[in-house]
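K.L.:
Below is a structure I'd like to ask you about.
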Amino acid sequence: MGGKFPSGVAAVGVGDMDFGTLYQKRDLPGPRDPYELAAEAFKNALDDAGLKKEDIDGVLCVRDIKKYEYFCYKVGIEKPRLVNGLESSGRQSGIALQYAAMAIAAGMAHTVAVVYSNNGRTAAFNYGGDGDGGDPFGILHGMTSPGAQVAAMFNRYCHEFGATEQSLAKLAVSNRYHASLHSHSVMKKLFTEEEYLQTRYITEPLRLFDYCLINDGAVCIILTTVERAKDLRKPVVEMIATSACGDMASSYMKEDFFYKGLRMVSQDLCAAAGVKAGDMDCVQIYDNFTATMMFTMEGIGLCDRGGAGEYIDKVGITLGKSPCPINTSNHTSETYMQGFNHQAECIRQLRGECGERQIPDSKLAMYICSAPIISGHIFAKR
Amino acid sequence: MQEAQREKAADWLPVITEFEKPFWDSLQKDQVLMIQKCEDCGHIQFPPSPVCADCLSGAVSWVPCSGKARLWSKVIFHKQYLEPYPDTPYSVVLAKLEEGPIVTGRITNENAQKTAFDGPVKIQYVKTTDGTVLVEFVPAD
């Protein structure tokens, strides 16, 4: 690993929707149609790129549009050269873009739409309630979801490195501030660190504001070759590095807080791109929970092991205050599009489309996800 | 709520395969938590696997764990996710057995509170009203 891959793949289309309005209208008699959400994101991504659906020769469907044939039928794509579906967990978001890039770089497809749709809110999907993410023995003993597993990891992490809930408060406050700068966000009302500390625990030491939202929506990202991208509507954003690494164990909980796997992935990314993590203009970290952001900041080398709290205090994470803002797009306040919103944000920041939350002169952006499949990319403005 | 009162705990037992039956029989009938030891390389593992995850030998034996462990981490659930666990806040412990593997188990809120990280704990077994045997960790000297 660590080679130059992929070469010549660009992100050319991004489509999403107004997640805040969808969330306000969440009390519906039945679930939203995930294919309807997906079709809207797909159309928006085509418009964004200046492409027609006839230009799309690859479709990867993620989460609640598992029936990829059904999705393709509904949007009239009859003979895609690449088509498949990936399971529902958020770790698939980075992987889906990676598979699309692999297919394009290998010449198996030319222009691939990666389509993600989530109707978990109105379908009342009970994350963790069916023991999702836990091991069967743990579930029998009252242990559940990734949230509880991350809570256990964070508790241990505090013991090993002297971290405190104050760091989580700062992350939650910063995520909310960033979300307040998106017109489409689910949660925009600002809160203070003190107010954070007064909110209820879910799985102590994690509180309500440490948890990702559960909201409906869809995102589509279209990838093609850099050569083709030059003729399209938006500035060229190239995927200059991508890498992944399984972190396989008997449950979601990892004794090293994903550290070794994150090192492997981030070293691949930085070697391929010829940069350091600290060279990024922004980093978008998959924040299923705020604590995961601390594990990830250390794993990608923004700071030393155990140093995330100090980094948050001294270097900073927030737009306008940090040289490398973290999570101008996030799950805890903006929208839970399971990594797709973060990847969309990388592309939009590099295009300079982010309005109030624009990071000036953005040239490099990293997406990174800590999970049982760790994955990440570096995007560059061309 | 006492551990013994957890109703329908058995609903959350996994589908038990022929391979895992000795493990669950030992726990549910004999009140012994079995781990696995590779007869070829000595590797210890839990949860069980049909082969040694270190050398892939099929000669893997079920052996009782010593029951001695240290508290690796703990979580306090303030939200109910599972039907047998309505008694929030309740605690769950992740205990590192002296043999190496981490086991998730029951712990009272009081014991979770007073046991330090890496503090010694030991296994005891509790039976719920529907006859399900659970592993609980209590402070050890």
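For the protein sequence lines, the chains are A and B, in the order given. The numbering of the first sequence is the working numbering, which starts it at 4 and goes up by one. The numbering of the second sequence is the working numbering, which starts it at 594 and goes up by one. Just so it is clear, CB atoms sit at the ideal spot from N, CA and C, and this is done for glycine as well.
For residue 658(B), which three-state DSSP category applies?
P.N.:
It is coil, neither helix nor strand.
K.L.:
Would a C-beta distance cut-off of 8 angstroms place residue 65(A) and residue 44(A) closer than the cut-off?
P.N.:
In this structure, residue 44(A) does not lie closer than 8 angstroms to residue 65(A) by Cβ.
K.L.:
Consider the Cβ of residue 727(B): report whether some Cβ of chain A lies at a distance smaller than 8 angstroms.
P.N.:
True, the Cβ-Cβ gap to chain A drops below 8 angstroms.
K.L.:
Would you tell me roughly how many angstroms separate the C-alpha atoms of residue 618(B) and residue 603(B), rounded to the nearest one?
P.N.:
Straight-line Cα distance between these residues: approximately 13 angstroms.
K.L.:
Residue 139(A) lies in the alpha helix (DSSP H); which residues open and close that run?
P.N.:
Note, residue 139(A): alpha helix (DSSP H), 139-143.
K.L.:
Using 8 angstroms as the limit for Cβ to Cβ distance, is residue 602(B) near chain A?
P.N.:
It does: the Cβ of residue 602(B) has a partner Cβ on chain A nearer than 8 angstroms.
K.L.:
Please report the straight-line C-alpha distance between residue 641(B) and residue 263(A), rounded to a whole angstrom.
P.N.:
For residue 641(B) and residue 263(A), the distance between alpha carbons rounds to 24 angstroms.
K.L.:
According to DSSP, is residue 629(B) helix, strand or coil?
P.N.:
In this structure, residue 629(B) counts as strand in the three-state DSSP scheme.
K.L.:
Going by the DSSP bridge assignment, what does residue 621(B) pair with across the sheet?
P.N.:
Beta-bridge pairing links residue 621(B) to no other residue.
K.L.:
Taking Cβ-Cβ distances shorter than 8 angstroms, what residues in chain B pair up with residue 148(A)?
P.N.:
The answer, in chain order, is 674.
K.L.:
With DSSP run on the structure shown, which of helix, strand or coil describes residue 343(A)?
P.N.:
In this structure, residue 343(A) counts as helix in the three-state DSSP scheme.
K.L.:
Check the Cβ of residue 138(A) against every Cβ in chain B and list those closer than 8 angstroms, keeping chain order.
P.N.:
Per Cβ cutoff of 8 angstroms: 640, 697.
K.L.:
When DSSP labels each residue in this structure, what does residue 149(A) get in the three-state scheme?
P.N.:
In this structure, residue 149(A) counts as helix in the three-state DSSP scheme.
K.L.:
Using the Cβ count rule (16 or more neighbours within 10 Å means buried), how would you classify residue 629(B)?
P.N.:
Residue 629(B) comes out buried.
K.L.:
Considering only C-alpha positions, which residue in the set 214(A), 200(A), 125(A) is nearest to residue 206(A)?
P.N.:
When only C-alpha atoms are compared, the closest one is 214(A).
K.L.:
Go ahead and pull the three-state DSSP assignment for residue 322(A).
P.N.:
Reduced to three states, the DSSP call for residue 322(A) is coil.
K.L.:
Looking only at its chain, what residues have a beta carbon closer than 6 angstroms to the beta carbon of residue 645(B), apart from the 5 residues adjacent to it on each side?
P.N.:
Counting only Cβ-Cβ distances below 6 angstroms, and skipping sequence neighbours, we find 631, 636, 653.
K.L.:
For residue 683(B), which residues in the same chain have their Cβ closer than 6 angstroms to its Cβ, ignoring the five residues on either side in sequence?
P.N.:
The residues are 670.
K.L.:
Quick one: what's got a C-beta closer than 7 angstroms to residue 101(A)'s C-beta in the same chain, skipping five residues either side?
P.N.:
Counting only Cβ-Cβ distances below 7 angstroms, and skipping sequence neighbours, we find 245, 247, 378.
K.L.:
Determine whether the Cβ of residue 262(A) lies closer than 8 angstroms to any Cβ atom of chain B.
P.N.:
It does not: the Cβ of residue 262(A) has no partner Cβ on chain B nearer than 8 angstroms.
K.L.:
Can you say whether residue 702(B) is buried or exposed, counting buried as having 16 or more other CB atoms within 10 angstroms of its CB?
P.N.:
Exposed.
K.L.:
Going straight from the alpha carbon of residue 358(A) to that of residue 29(A), what length do you get?
P.N.:
Residue 358(A) and residue 29(A): Cα-Cα distance of roughly 28 angstroms.
K.L.:
So residue 328(A) and residue 285(A) are in contact, right, with Cβ under 8 angstroms, and what is the actual spacing, rounded?
P.N.:
The Cβ separation is near 5 angstroms, so the contact holds.
K.L.:
Report back the beta-carbon spacing between residue 176(A) and residue 194(A) to the nearest angstrom; my notes put them in contact at under 8 angstroms.
P.N.:
At roughly 7 angstroms, the Cβ-Cβ gap stays under 8 angstroms, so residue 176(A) and residue 194(A) are in contact.
K.L.:
Can you tell me whether DSSP reads residue 368(A) as helix, strand or coil?
P.N.:
Residue state, collapsed to three classes: strand.
K.L.:
Could you name the residues of the same chain whose beta carbon sits closer than 7 angstroms to that of residue 698(B), not counting the 5 residues immediately before and after it, in chain order?
P.N.:
So the list reads 686, 688, 728, 729, 730, once near-sequence residues are dropped.
K.L.:
Compare the beta carbon distance of residue 620(B) and residue 719(B) with 8 angstroms and say whether it is the shorter of the two.
P.N.:
Not in contact: residue 620(B) and residue 719(B) (Cβ atoms no closer than 8 angstroms).
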